[in-house]
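For reference, the structure discussed in these notes is given below.
Numbering (full-length UniProt numbering), first residue to last: 1 to 279.
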């Protein structure tokens, strides 16, 4: 990368990166503009016509969206699925990662190998058996059932990631903390978690984005009262087809939330990626 900068100059590289960023943001901008146009204007031409006719833009579609009980309920269902899943995966994986990295207990290596082996199990294999189990437990078609499924399939990668990151912490730091009388819990909360914050933040971002955008698991495990936004939008497209004045703002809201989350934690994400590359 440095050689490219020296050959082309920083100005050229920065201009290219800005161009790439604009191209990447174009679909999001197009969806936002489409979400502010009426169905009649959308039928007449593409979203780019707003630059010659800015009078097309209004927030009427978002008013209709707020009045659509199905989509608003699906939005809150998505929040109730994504946030608890992310929190549970991060908390459990951090505890397990620390245990696998620095605590001695019988069968530690064998159990960790089982966790690693679970990484290669496709999610499709567990759909029907888990659906049958959830049906027997009364969890099928509920938000807790969707959350538990995502937690179960998110933990192997999360534990693997955090265990490897925590294992790179200098052993001398932990030994010094123990010699000072620190308990394992105090070492974990006061030393390991702050040091592992970049990796934890990166994991939280990935997990949140994965669950927020999921459709396969929610399509099978959530009923009409607990389905998230992805399933509700797909359902409304199938039922109504042409209600673009509701679907466009709904799709934009579904898309913009992960984008906001990513940029809000961008600093921690970059730190986690850079730290992982160095290690």
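Built from N, CA and C at the ideal position, the CB exists for glycine as well. Since this is a predicted model, take the numbers as computed values, not measurements.
Among the residues of its own chain, which have a CB less than 6 Å from the CB of residue i, if the five just before and after it don't count?
i           : result
residue 163 : 97, 100, 101
residue 280 : For the chain, the structure presents residues 1 to 279; residue 280 sits outside this window and is missing.
residue 173 : none
residue 244 : 39, 42
residue 153 : 123
residue 217 : 149
Whole-angstrom Cβ separation of residue i and residue j, contact assumed at under 8 Å?
i           : j           : result
residue 230 : residue 254 : 7 Å
residue 252 : residue 22  : Not a contact, Cβ separation roughly 18 Å.
residue 208 : residue 140 : No, residue 208 and residue 140 are not in contact; Cβ-Cβ is about 24 Å, not under 8 Å.
residue 178 : residue 187 : 7 Å
residue 28  : residue 259 : 7 Å
residue 84  : residue 147 : 5 Å
residue 37  : residue 47  : 7 Å
Does DSSP put residue i in a helix, a strand or coil?
i           : result
residue 222 : strand
residue 154 : helix
residue 276 : Summary for residue 276: the model assigns pLDDT 45, below 50, so the residue's position carries little reliability; its value from the coordinates is reported in the next sentence. Reduced to three states, the DSSP call for residue 276 is helix.
residue 11  : helix
residue 206 : helix
residue 284 : Given a span of 1 to 279 for the chain in the structure shown, any question on residue 284 remains unanswerable.
residue 178 : helix
residue 52  : coil
residue 37  : coil
residue 235 : helix
residue 19  : helix
residue 105 : coil
residue 31  : helix
residue 57  : coil
residue 215 : coil
So, for residue i: in the same chain, excluding its five sequence neighbours on each side, which residues have a beta-carbon less than 7 Å away from its beta-carbon?
i           : result
residue 16  : none
residue 127 : 220
residue 175 : none
residue 192 : 98, 166, 169
residue 58  : 36
residue 142 : 226
residue 64  : 245, 246
Whose C-beta lies closer than 8 Å to the C-beta of residue i among residues of the same chain, with five residues either side of it excluded?
i           : result
residue 111 : 100
residue 49  : 41, 56
residue 90  : 158, 200, 203, 204, 207
residue 86  : 204, 207, 208, 211
residue 236 : 70, 71, 243, 246, 247, 250
residue 61  : 35, 36, 37, 38, 245, 246, 248, 249
Considering just the uninterrupted stretch of the alpha helix (DSSP H) at residue i, what are its terminal residues?
i           : result
residue 189 : Note, residue 189: premise wrong, no alpha helix (DSSP H); not H, not E.
residue 73  : 69-102
residue 65  : 60-66
residue 254 : 244-264
Item to check | Unbroken stretches of the beta strand (DSSP E), 3 residues or longer, contained in the segment 113-171 | outcome: none
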